[in-house]
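Engineer: The structure follows.
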Amino acid sequence: MKYISTRGKSPALNFEEVLLTGLAPDGGLYVPETLPKYSQQEIASWAGLSYSDLAFKIVQPFVDDTIPADDLKALIDDTYVDFRHPSIAPLVQLDKNEWVLELFQGPTLAFKDFALQLLGRLLDYVLERSHRKVVIMGATSGDTGSAAIQGCKRCKNIDIFILHPFQRVSEVQRRQMTTVLADNIHNVAVKGNFDDCQSMVKASFNDKSFLPEDRQLVAVNSINWARIMAQIVYYFYASLSLGGPLRPVAFSVPTGNFGDIYAGYLASKMGLPIDQLIVATNTNDILHRCISRNDFTKHPLVHTLSPSMDIVVSSNFERLLFDCYDRDGAAVSDLMTRFQSEDVVLKDSAFSNIQALFDSYQVDDERTVETIAEVYEATEYLLDPHTAIGVEAGRKVRRRDDIPMITLATAHPAKFPEAALKAGYPREPELPHHMADLFQNEERFTVLDNDIGQVHDFVVANITA
Ligand SMILES: *Cc1c(COP(=O)(O)O)cnc(C)c1O
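In the UniProt record's numbering, the protein residues as written are 1 to 465.
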């Protein structure tokens, strides 16, 4: 399997190379050159597989011969050991033909664990094999940092430095990062805001000269192909649990960077009968405007009750555009370059391609809170604010009532207590038992000024691996 850039000007890579790479040199994102396609019969034969056995089926063709099958199987079997539910991704029914897929049973209570638990293991495996060691740097405003830290805490060949804005992430989110005391985990609280953290990480990737020569710098942000790949699995898993592939299903996906729902699109292209994919956004609704009325213009960032979906542009959308522009890298490159500086629209055929499978809906904070309250009232099931946006979008723009609508539940409600309290829930939602000691555990982090020199000195002085 080869991976090519959406902008058409970078050499193709194999899986191992793409695993260690972020953006392509031409500014594009890597996508598989071809997708494996499965018949209904083949997909039906996977019914009843455990989550990790199914994951192996889906993931293996993408990894191809870069990792021997037995080794890959062992890595995948190990990936989901820290998930608390025997089904790994349980379905909960809210109403007739309405379901949520709980993707928050992993160590940090958000769906990002599905990708980052696998990514950490894959990276450590290929690094060990080639006697290489790397530094991961990332900036986080919440969910990604903790999932990356949990994914890498047992990796011998990785030092991970996560920058978060000092005193500007929630206590649960901070503690999920800072109570992981492994020697290769380095939490830095920067006296600045999230953008300052992100700028320093970007600058580090642009000029890596601060690092010792034997260290490569690796990103684990949502454009990493391996993260997308891991997310394809649960679309198949959910469908098979509800009578697929014979019976089509629909998905509503709380969306920010478009990584999660892009994996659903790939599942559909691989042969899974998906009737509809709904892009559910909060007030940061560039994707909703684009998909519903071809308005692909940037609006300023708004802070909402669903912070993990607060984005101005969604980087992974370019991967869908690449297909909708008939894989014409030059056309995508031209569109994305113009998008930087002017208002653009998609060409008609691209827009209608998208609308064939996708719908979208925007849910503001007020309606998010009302949805949490309504669903709790009807079912005593407490939604986190991101998932609530998905549920509401599913109700508003579903095409067919006789097809199961599955909303991806992307986070546990205890991660975002403010929304629950606003919805009238009588107390802060409880953390699951296994995390009950989060507020007692020792924390470790280093506070640094908003100064890239200080950050680089800290990184170099603390490399352990
Ligand atoms: C990251 C995240 C999202 C958005 O996912 P994308 O892949 O960026 O679209 C939604 N909900 C939660 C809770 C998240 O952490």
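Even for Gly, the Cβ is constructed at its ideal location relative to N, Cα and C.
Going by the CB atoms, is the gap between L346 and N282 shorter than 7 Å?
Structural biologist: No, Cβ-Cβ distance for N282 and L346 is not below 7 Å.
Engineer: Counting Cβ pairs closer than 8 Å, one from the region 185-205 and one from the region 444-460, do we hit at least three?
Structural biologist: Yes: the two stretches touch, three or more of their Cβ pairs being nearer than 8 Å.
Engineer: Leaving aside the five residues before and after Y38 along the sequence, list all residues of the same chain whose C-beta is less than 7 Å from its C-beta, in chain order.
Structural biologist: The residues are M270 and G271.
Engineer: In whole angstroms, what is the alpha-carbon distance linking V385 and S130?
Structural biologist: The amino acid at residue 385 is misidentified as Val; the sequence shows Pro. The alpha-carbon atoms of P385 and S130 are separated by roughly 43 Å.
Engineer: Comparing C-alpha positions only, which one of A44, D26 and D65 sits nearest to M1?
Structural biologist: Comparing Cα-Cα distances from M1 to each of A44, D26 and D65, the minimum goes to D65.
Engineer: Short of 7 Å in beta carbon distance, which residues of its chain neighbour Q60, apart from the five on each side in sequence? Order them along the chain.
Structural biologist: Only A69 and L72 meet the Cβ criterion.
Engineer: Where E418 and R168 are concerned, what is the direct C-alpha to C-alpha distance, given to the nearest angstrom?
Structural biologist: Spanning the two alpha carbons is a distance of roughly 15 Å.
Engineer: A436: buried (16+ other C-beta within 10 angstroms of its C-beta) or exposed?
Structural biologist: When all chains shown are included, A436 counts as exposed.
Engineer: How would you call L122, buried or exposed, if buried means at least 16 neighbouring beta carbons within 10 angstroms?
Structural biologist: By the neighbour-count rule (16 or more Cβ atoms within 10 Å), L122 is buried.
Engineer: If we ignore side chains and look at the alpha-carbon of each, how far apart do P245 and I43 end up?
Structural biologist: P245 and I43: Cα-Cα distance of roughly 7 Å.
Engineer: Could you tell me which of L109, Q93, N441 and G259 sits nearest to D82, measuring between CA atoms?
Structural biologist: Ranking L109, Q93, N441 and G259 by Cα distance to D82 puts L109 first.
Engineer: Taking C-alpha atoms, which residue in G264, A263, S252 and V190 lies nearest to H288?
Structural biologist: The shortest Cα separation from H288 among G264, A263, S252 and V190 belongs to S252.
Engineer: Helix, strand or coil for S341, going by three-state DSSP, please let me know.
Structural biologist: Residue state, collapsed to three classes: helix.
Engineer: Which residue wins for smallest C-alpha separation from I4, given the options G394, H456, P32 and E98?
Structural biologist: The residue with the shortest Cα to Cα distance from I4 is P32.
Engineer: In angstroms with no decimal places, state the Cα-to-Cα distance between K422 and V220.
Structural biologist: Their backbone Cα atoms lie some 33 Å apart in a straight line.
Engineer: What are the start and end residues of the alpha helix (DSSP H) that includes T21?
Structural biologist: Counting along the chain, T21 falls outside any alpha helix (DSSP H), and DSSP gives it neither H nor E.
Engineer: In angstroms with no decimal places, state the Cα-to-Cα distance between G151 and G120.
Structural biologist: Looking at the two C-alpha atoms, the distance is approximately 5 Å.
Engineer: Look at the alpha carbon of E128 and the alpha carbon of E171, and state the distance between them as a whole number of angstroms.
Structural biologist: So the two alpha carbons sit approximately 35 Å from each other.
Engineer: Check for me: the alpha helix (DSSP H) holding M229 runs from which residue to which?
Structural biologist: Taken as a continuous stretch (DSSP letters only), the alpha helix (DSSP H) holding M229 covers W225 to S241.
Engineer: CB I223 to CB M177, shorter than 7 Å?
Structural biologist: Going by C-beta atoms, I223 is not nearer than 7 Å to M177.
Engineer: T410: beta carbon under 6 Å from a heavy atom of ligand 1?
Structural biologist: Correct: T410 has its Cβ closer than 6 Å to ligand 1.
Engineer: According to DSSP, L101 sits in a beta bridge with which residue or residues?
Structural biologist: For L101, which the question treats as bridged, DSSP gives the partners L91 and L408.
Engineer: Classify A12 as helix, strand or coil using the three-state DSSP reduction.
Structural biologist: A12: coil per DSSP, three-state reduction.
Engineer: Please indicate yes or no: does the CB of D260 lie closer than 6 Å to some heavy atom of ligand 1?
Structural biologist: D260: yes, Cβ under 6 Å from ligand 1.
Engineer: On the criterion of 16 or more Cβ atoms from any shown chain inside 10 Å, does T297 qualify as buried, or is it exposed?
Structural biologist: Burial call: exposed.
Engineer: Would you mind working out which of A414, V397 and R327 sits nearest K9, comparing C-alpha positions?
Structural biologist: Comparing Cα positions, the closest option is R327.
Engineer: Decide yes or no for the touch test of the region 386-400 against the region 353-364: beta carbon pairs closer than 8 Å, at least 3 of them.
Structural biologist: A contact exists between the region 386-400 and the region 353-364.
Engineer: When you compare only the Cα positions, how much space is there between V369 and Y234?
Structural biologist: Approximately 27 Å, taken between the alpha carbons.
Engineer: So the alpha helix (DSSP H) V369 belongs to, where does it begin and stop?
Structural biologist: Element bounds for V369: D365 to T379.
Engineer: Determine the burial state of R174: buried for a count of at least 16 other Cβ atoms within 10 Å of its Cβ, exposed for fewer.
Structural biologist: Flag for R174 reads buried.
Engineer: Going by alpha carbons, who is nearest to D78 out of H303, L101, L116 and I403?
Structural biologist: Selected option, being the one with the closest Cα: L116.
Engineer: Cα separation between G329 and F322?
Structural biologist: G329 and F322: Cα-Cα distance of roughly 7 Å.
Engineer: Is the beta carbon of H412 sitting closer than 7 Å to the one on F104?
Structural biologist: Closer than 7 Å, so yes.
Engineer: Would you kindly check if the distance between the Cβ of N184 and the Cβ of residue 467 is under 7 Å?
Structural biologist: Nothing about residue 467 can be read from this structure; the chain reaches only from 1 to 465.
Engineer: State yes or no: is the C-beta of S315 within less than 7 Å of the C-beta of N353?
Structural biologist: No.
Engineer: Measuring alpha carbon to alpha carbon, tell me which residue in F111, L91 and I261 is nearest V279.
Structural biologist: Nearest option by C-alpha distance: I261.
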